[in-house]
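Step one of this worksheet: look at the structure below.
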Amino acid sequence: MNTFANITNLTMKTENQAWRDLQMHASAQLRADFANRTLRIARGPAAAEWEQLHTHAATQLRPGFAARVLRAAREIPRRLTLSEQLVFGAATAAVCLLAVVYLHAHNARVENERNLAGWQQLAQEADELDQTL
Amino acid sequence: MDQTATTALADLVRRAQKGDEIAQRELIVAYQHRVAGFVFAMTNRSDYVEDLSQQVFIKMIRALDRLQAPAQFESWLFRLARNTCIDQLRRQKLRRIFLPFGDEHENIPEPPGAVDTEELDALRHALAQLRPQDRALLALVQEGRSHAEIAETLETSVAAVKARLHRAREHLREHYQPDHED
């Protein structure tokens, strides 16, 4: 009976030890500042991180930034806004369309006049032929 | 911002509107770091910060006389900044579609750790996962804009701003991993 109890105890000890080893191995995988890190992730970025982001961005501006902006505002010609570009495009298209319509009308008129003159000449020649006959 | 500061700012804006170059310079100096931060949060690119900030302030100087309420200057300025950044991101997207192999250097992201600490990299990584509109929302909140001001900037309702802000914060938290590896 004692031997059975000893074996059972030994097995349980081994099993407990195995669990402890597993836990130790698992916990060794966690980084030293696991708790802080988890809290930080759970809370999301704090004000300090945004502050760092702003500080980094501010260092990207070269000294004399304001003077450069003022100079550029004076010197660089203003770029057209999207709506201005659209209006400009529409106006250009309208002018082109008008030019096409005008050219077409002009050409048609010239062609008609030429054809009419041809027909008139033909009619005149036919009349002359009738009279001679 | 307290009442005295608001009045002082409105006076400064009025002087700048009249073409006073000293006042214009003061406005740029007062807001350049905040605008730079906003631009960086929106684009996640250090090399865009100076150019885009400059564009924002040039637009500011040229459009200042059209600003009706000088007291609304800050929200107006950040609306300019937001629109400038979103235009830039759209242009970049179009360029990528039409010139997939051109200007490849434009699309190289900054390597992790190139900027600063692990936390800042994590914030940049998380921001990069959001839509530009959501980044703008979070950056505007960081700038101290109220929900009403943001609603005015985005031409939407306060309730919509609150809902979108809630979702944007959730997404940011989801992607915020200080020990992430790309």
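As given, the protein sequences belong to chains G and B, one line each in that order. Each residue of the first sequence is one higher than the last, beginning at 113 in the numbering used here. Each residue of the second sequence is one higher than the last, beginning at 968 in the numbering used here. Glycine included, each C-beta is placed from N, C-alpha and C at the ideal position.
I need the straight-line Cα distance from residue i to residue j, nearest angstrom please.
i: Ala170/G; j: Thr1084/B; result: 16 Å
i: Glu1148/B; j: His1092/B; result: Caution is warranted here: a pLDDT of 48 is assigned to Glu1148/B, below 50, making its placement in the model unreliable, and the coordinate value is therefore given only provisionally. So the alpha carbons of these two residues sit roughly 10 Å apart.
i: Ala138/G; j: Asn148/G; result: 18 Å
i: Ala229/G; j: Leu209/G; result: 30 Å
i: His1114/B; j: Leu1121/B; result: 10 Å
i: Gln1022/B; j: Gln141/G; result: 49 Å
i: Arg982/B; j: Phe1045/B; result: 20 Å
i: Arg1098/B; j: Ala179/G; result: 34 Å
i: Arg187/G; j: Arg1029/B; result: It should be noted that the sequence gives Glu, not Arg, for residue 187/G. C-alpha separation (whole angstroms): 12 Å.
i: Leu1019/B; j: Met136/G; result: 52 Å
i: Ala217/G; j: Arg1131/B; result: 58 Å
i: Asp242/G; j: Ala235/G; result: 10 Å
i: Gln1144/B; j: Glu1086/B; result: 8 Å
i: Val1128/B; j: Leu1105/B; result: 11 Å
i: Asn118/G; j: Thr126/G; result: 12 Å
i: Val213/G; j: Trp231/G; result: 27 Å
i: Gln233/G; j: Leu245/G; result: 18 Å
i: Asp1088/B; j: Pro175/G; result: 25 Å
i: Ala130/G; j: Leu122/G; result: 12 Å
i: Ala206/G; j: Phe200/G; result: 10 Å
i: Val222/G; j: Arg1062/B; result: 48 Å
i: Phe116/G; j: Asn128/G; result: 18 Å
i: Asp239/G; j: Asn219/G; result: 30 Å
i: Thr120/G; j: Ala144/G; result: 37 Å
i: Asp133/G; j: Met124/G; result: 14 Å
As a quick exercise: from the options, pick the residue whose alpha carbon is nearest that of residue i.
i: Leu1056/B; options: Ala1036/B, Leu1034/B and Thr1010/B; result: Thr1010/B
i: Thr193/G; options: Asp1088/B, Glu1137/B, Asp1054/B and Arg1063/B; result: Asp1054/B
i: Arg183/G; options: Pro1099/B, Ala1089/B, Leu1087/B and Gln991/B; result: Gln991/B
i: Asp987/B; options: Ser1124/B, Phe1065/B and Leu1031/B; result: Leu1031/B
i: Ala1008/B; options: Ala977/B, Ile1064/B, Leu1107/B and Ser1042/B; result: Leu1107/B
i: Ala158/G; options: Gln1059/B, Leu1090/B, Glu993/B and Tyr1015/B; result: Leu1090/B
i: Glu161/G; options: Ala1036/B, Leu976/B, Lys1060/B and Gln1109/B; result: Gln1109/B
i: Gln1059/B; options: Tyr1015/B, Leu1094/B and Val1002/B; result: Tyr1015/B
Going by the CB atoms, is the gap between residue j and residue i shorter than 9 Å?
i: Arg1134/B; j: Arg155/G; result: no
i: Leu1034/B; j: Gln970/B; result: no
i: His1142/B; j: Asp1101/B; result: no
i: Leu302/G; j: Gly1111/B; result: Since the first residue shown for chain G is 113 and the last is 245, residue 302/G is missing from the structure and cannot be characterised.
i: Ala185/G; j: Ile1025/B; result: yes
i: His1000/B; j: Leu173/G; result: yes
i: Pro1037/B; j: Ala997/B; result: no
i: Thr1051/B; j: Val1006/B; result: yes
i: Val181/G; j: Ile995/B; result: yes
i: His168/G; j: Ser1013/B; result: yes
i: Phe146/G; j: Glu1017/B; result: no
What first and last residue would you give for the alpha helix (DSSP H) that runs through residue i?
i: Asp239/G; result: Leu194 to Thr244
i: Thr115/G; result: Asn114 to Ala140
i: Gln1100/B; result: Pro1099 to Gln1109
i: Asn1050/B; result: Phe1040 to Phe1065
i: Lys1129/B; result: Val1125 to His1142
i: Ser1020/B; result: Ser1013 to Ala1030
i: Arg143/G; result: Counting along the chain, Arg143/G falls outside any alpha helix (DSSP H), and DSSP gives it neither H nor E.
i: Asp1088/B; result: Glu1085 to Ala1095
i: Arg174/G; result: It is not in any alpha helix (DSSP H) - Arg174/G carries neither H nor E in the DSSP assignment.
i: Ala1151/B; result: With chain B running from 968 to 1149 in the structure shown, residue 1151/B is simply not present.
i: Ala977/B; result: Gln970 to Gln984
i: Leu1121/B; result: His1114 to Leu1121
Could you round the C-beta distance between residue i and residue j to whole angstroms and report it? I think they count as a contact, below 8 Å.
i: Ala1103/B; j: Arg1136/B; result: No, Ala1103/B and Arg1136/B are not in contact; Cβ-Cβ is about 14 Å, not under 8 Å.
i: Glu1119/B; j: Ser1042/B; result: 6 Å
i: Phe1040/B; j: Val980/B; result: 5 Å
Requested in this report: Taking only beta carbons into account, state which residues of the region 977-998 of chain B come closer than 7 Å to chain A, listed in chain order.
Outcome: The structure shown contains no chain A; the protein chains it does contain are G and B.
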